[in-house]
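Residue numbers (my numbering), protein chains in the order written: chain A, 61 to 362; chain B, 7 to 248.
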């Protein structure tokens, strides 16, 4: 069963088309990732799915409700973790949850009964009366996640849930998100951290310039789009070595002063590096990041 | 029209309760200092106006002006910071509320807070014996009308609005002296503005009389509320739903 589907969705601002015919299907219980460089249209796509902005064309259905026409009804069963924290600075941790629950029409007693569990989930037990300004970035992010769960949603949208967090905080968020999928909740997240997508997402779509350019499980995307082995080479004389590598490796790329060799069998490349003490290299399996860079290019996006 | 806006109203109410003392003090200190300072100080030099001592005359204007300032400040300045700086509105929009609910909640909140300012000044007026009869209680609905009219009028340039609109409006709306003393064209301008009609509602009931044209004054205030509210909804939708 699909909890979210979008067909041919388009959105323009003036002459600038930001979302150019996006199709999406998210099944119940899966963690779905929307990947893309900055400005690819990820956030706009999320806002369209939530019915916060109107598409110029296309159809969207969220939890069985047509969007944006009945987006309000759909949103009663949806949670959202936005890209930048917008916790209410005038309130304590617990008050943030209480006030937010009221927006869903929940009774104060029902919300208060949920608060201890939500704070426990967010690792904020004992922090109920803290002011928002006293929380670290990771704590704010976790409280935002707890806030998104106040209405016990079926589906949670997350826009770059771990951007700006240190590794400890990021791993804690990942662990909590996995727990949510184990509880049967559906997650839709945008990210540009490939590691995050690879660890969390059952399925993902790569969005670039408002279009979906690839879709599938992380493993399937790697298998489909890229050679299984990568050798990264840098050091003095790498340019001369690169010319030779082109004869023994099916795909050789250069970015700055590093050479990337992609191959199903990396053995010939490794042999040719054997005597080259001035060259440093790293041999690793191909990752989602390699797929992403191949499909969206290595140029900077701002 | 849903009642979802009540949650927005209650959010602002909860913030207010936490900062109640400071909020009441800042909303009341200015108008009360003006009322007693000008009322007794300047009033001592003046003969009675329209059959009442100057301080009782000025009380109506002071009450309406304070109500107006509370409404405008809350709705433009505080509301703007919730919309823009704190991004509180963005967070609310993920819940099953739409932008119309938020605007309704903000306008009703600012009107309520303004009404509270007006009511508190009314209490001072009664305690100090400036009111002539229980008719003065009609100030309560009148203050709400003033509050809702000014809460609905909204735009992003608060400081320009304050100096270029509110201050001149206060000067010509019969707050400090009878507006009928003004040259005819200025009086006509005053009569086209909401504050004049608020003062025209409140001053007679403090003096113990019914206003001569209560319906006209109420309709002008409600008209400003309706037009202001529609424009606020229009601009908020354009800002948030495009």
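Cβ coordinates follow ideal geometry from the N, Cα and C atoms, glycine included. Small disclaimer: the values here were computed from a predicted structure and weren't measured.
Residue i in three-state terms, based on DSSP
{"i": "residue 173 of chain B", "result": "helix"}
{"i": "residue 92 of chain B", "result": "coil"}
{"i": "residue 242 of chain A", "result": "helix"}
{"i": "residue 134 of chain B", "result": "coil"}
{"i": "residue 223 of chain A", "result": "coil"}
{"i": "residue 358 of chain A", "result": "coil"}
{"i": "residue 288 of chain A", "result": "coil"}
{"i": "residue 208 of chain A", "result": "helix"}
{"i": "residue 163 of chain B", "result": "coil"}
{"i": "residue 92 of chain A", "result": "strand"}
{"i": "residue 10 of chain B", "result": "coil"}
{"i": "residue 104 of chain B", "result": "coil"}
{"i": "residue 77 of chain A", "result": "strand"}
{"i": "residue 62 of chain A", "result": "strand"}
{"i": "residue 156 of chain B", "result": "helix"}
{"i": "residue 189 of chain A", "result": "coil"}
{"i": "residue 335 of chain A", "result": "coil"}
{"i": "residue 49 of chain B", "result": "helix"}
{"i": "residue 213 of chain A", "result": "coil"}
{"i": "residue 59 of chain B", "result": "coil"}
{"i": "residue 179 of chain B", "result": "coil"}
{"i": "residue 346 of chain A", "result": "coil"}
{"i": "residue 85 of chain B", "result": "helix"}
{"i": "residue 182 of chain A", "result": "coil"}
{"i": "residue 100 of chain A", "result": "coil"}
{"i": "residue 25 of chain B", "result": "coil"}
{"i": "residue 249 of chain A", "result": "strand"}
{"i": "residue 72 of chain A", "result": "strand"}
Environment of residue i [buried if 16+ CB atoms lie within 10 Å]
{"i": "residue 163 of chain A", "result": "buried"}
{"i": "residue 27 of chain A", "result": "This structure gives no information on residue 27 of chain A, because the portion of chain A shown stretches from 61 to 362."}
{"i": "residue 148 of chain A", "result": "buried"}
{"i": "residue 139 of chain B", "result": "exposed"}
{"i": "residue 76 of chain A", "result": "exposed"}
{"i": "residue 169 of chain B", "result": "exposed"}
{"i": "residue 218 of chain A", "result": "buried"}
{"i": "residue 214 of chain B", "result": "exposed"}
{"i": "residue 39 of chain B", "result": "exposed"}
{"i": "residue 25 of chain B", "result": "exposed"}
{"i": "residue 122 of chain B", "result": "buried"}
{"i": "residue 82 of chain A", "result": "buried"}
{"i": "residue 8 of chain B", "result": "exposed"}
{"i": "residue 98 of chain A", "result": "exposed"}
{"i": "residue 56 of chain B", "result": "exposed"}
{"i": "residue 119 of chain B", "result": "buried"}
{"i": "residue 304 of chain A", "result": "exposed"}
{"i": "residue 87 of chain B", "result": "exposed"}
Spatial distance of residue i from residue j (CA atoms)
{"i": "residue 234 of chain A", "j": "residue 260 of chain A", "result": "7 Å"}
{"i": "residue 127 of chain A", "j": "residue 146 of chain A", "result": "24 Å"}
{"i": "residue 237 of chain B", "j": "residue 199 of chain B", "result": "17 Å"}
{"i": "residue 256 of chain A", "j": "residue 111 of chain B", "result": "39 Å"}
{"i": "residue 338 of chain A", "j": "residue 298 of chain A", "result": "9 Å"}
{"i": "residue 244 of chain A", "j": "residue 212 of chain A", "result": "11 Å"}
{"i": "residue 183 of chain B", "j": "residue 106 of chain A", "result": "57 Å"}
{"i": "residue 53 of chain B", "j": "residue 161 of chain A", "result": "58 Å"}
{"i": "residue 238 of chain A", "j": "residue 72 of chain B", "result": "55 Å"}
{"i": "residue 19 of chain B", "j": "residue 186 of chain B", "result": "39 Å"}
{"i": "residue 236 of chain A", "j": "residue 137 of chain A", "result": "19 Å"}
{"i": "residue 356 of chain A", "j": "residue 315 of chain A", "result": "14 Å"}
{"i": "residue 77 of chain B", "j": "residue 231 of chain B", "result": "12 Å"}
{"i": "residue 211 of chain B", "j": "residue 214 of chain A", "result": "57 Å"}
Cβ-based neighbour list, residue i, same chain, cut-off 7 Å, excluding 5 preceding and 5 following
{"i": "residue 220 of chain A", "result": "143, 250 and 251"}
{"i": "residue 263 of chain A", "result": "90, 92, 276 and 277"}
{"i": "residue 89 of chain B", "result": "95"}
{"i": "residue 340 of chain A", "result": "294 and 295"}
{"i": "residue 101 of chain A", "result": "78, 79, 267 and 270"}
{"i": "residue 352 of chain A", "result": "95, 254 and 266"}
Residues of its chain near residue i, where Cβ-Cβ distance is below 6 Å and the 5 sequence neighbours each way are ignored
{"i": "residue 191 of chain B", "result": "none"}
{"i": "residue 15 of chain B", "result": "111, 114 and 115"}
{"i": "residue 189 of chain A", "result": "152"}
{"i": "residue 319 of chain A", "result": "293, 298 and 302"}
Contacting residues, own chain, Cβ-Cβ under 8 Å from residue i (five flanking each side not counted)
{"i": "residue 109 of chain A", "result": "64, 66, 84, 120, 122, 127, 217 and 248"}
{"i": "residue 210 of chain A", "result": "139, 157, 160, 161, 164, 166, 171, 174 and 178"}
{"i": "residue 200 of chain A", "result": "145, 147 and 192"}
### Query
Taking the runs of the alpha helix (DSSP H) that are 4 residues or longer, which of them lie wholly in the segment 110 to 175 of chain A?
131 to 135 and 153 to 163
### Task
Report the residue ranges of all alpha helix (DSSP H) runs contained in full by the segment 253 to 331 of chain A; include only those spanning at least 4 residues, in chain order.
254 to 260, 278 to 285 and 298 to 308
### Query
In chain order, which continuous runs of the alpha helix (DSSP H) of length 4 or greater are located wholly inside the segment 199 to 247 of chain B?
200 to 213 and 220 to 246
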